[in-house]
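Asks: Could you have a look at this structure, given as structure tokens, before my questions?
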Amino acid sequence: LMMASAAFRDKRYFDCLKAIENCPEMLDDSSPITAALHRITLDCYLSTRQIQKAEPIIEWCLSHQSKTLQLLLKKVAILGLTAKYEEASEVLLQLNRDYPKHPNILKRLVHVFELRRDTGKAAAFLRAYSKLVPDDPWSHQKLEKFVNLLGDSGVVG
């Protein structure tokens, strides 16, 4: 455990995963440190882009721990990386209801609806995001793109 923690703190994610995978009993439900270790394992898998291995870990975390905004955003990231855009949009829409006007959620909603080819919803969330973060160059570029795609009436309104 100490080796895994030290490797994680030093951002040596592959070494951390090796230490955890060499002692799988650390991830047993009966272990008192299992919740923290699952979170570390999840962060390591995401940092090393081992998305398929991160999926069961995020599900364990969501079923055994409180569903925090940070944890749910990681689930959305995994869903997006595995091209499960509809499920990602459902989670994000619920998060938007729970945390209205949260810039990170709105920005991700723009992305996911753009990937789902629902430019109307993407433009609506982009408008909401732009009002909250008016100086973000990303939103200006996206607005310009949507104006070119949909015309002024489809974006501004």
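When we follow this note's numbering, the leftmost residue of the sequence shown carries the number 39, and every step to the right adds one. Glycine residues also receive a C-beta, built at the ideal position from the N, C-alpha and C atoms.
#1: Grab me the residues of Phe151's own chain with a C-beta within less than 7 Å of its C-beta, minus the 5 sequence neighbours each way, in chain order.
#2: Please classify Tyr83: is it buried, with 16 or more other beta-carbons within 10 angstroms of its beta-carbon, or exposed?
#3: At what residues does the alpha helix (DSSP H) containing Lys105 begin and finish?
#4: Quick check on Lys183: does DSSP put it in helix, strand or coil?
#5: Which runs of the alpha helix (DSSP H) spanning at least 4 residues fall entirely within the segment 41-107, listed in chain order?
#6: In the DSSP assignment, find the unbroken alpha helix (DSSP H) run with Lys169 in it and report its ends.
#7: Can you find the residues in the same chain that come closer than 8 Å, C-beta to C-beta, to Trp98, ignoring five residues on each side of it along the sequence?
Replies: In this structure, then:
#1: For the purposes of this step, residue 151 is identified with residue 113 of the sequence shown, where counting begins at 1. Excluding residues within five positions, the ones whose Cβ falls inside 7 Å are Ser127, Lys159, Ala160, Phe163.
#2: Position 45 of the sequence shown, counted from the start, is the residue given in the question as residue 83. By the neighbour-count criterion, in which a residue is buried when 16 or more other Cβ atoms sit within 10 angstroms of its Cβ, Tyr83 is buried.
#3: The residue given as residue 105 occupies position 67 in the sequence shown. Unbroken run through Lys105: none, as it is neither H nor E.
#4: Against the sequence shown, residue 183 aligns to sequence position 145. Here Lys183 sits in helix by DSSP.
#5: If we require 4 residues or more, the alpha helix (DSSP H) runs fully inside the segment 41-107 come out as 51-60, 72-85, 89-102.
#6: By 1-based counting over the sequence shown, the position of residue 169 is 131. First-last of the alpha helix (DSSP H) with Lys169: 157-170.
#7: Position 60 of the sequence shown, counted from the start, is the residue given in the question as residue 98. The answer, listed in chain order, is His76.
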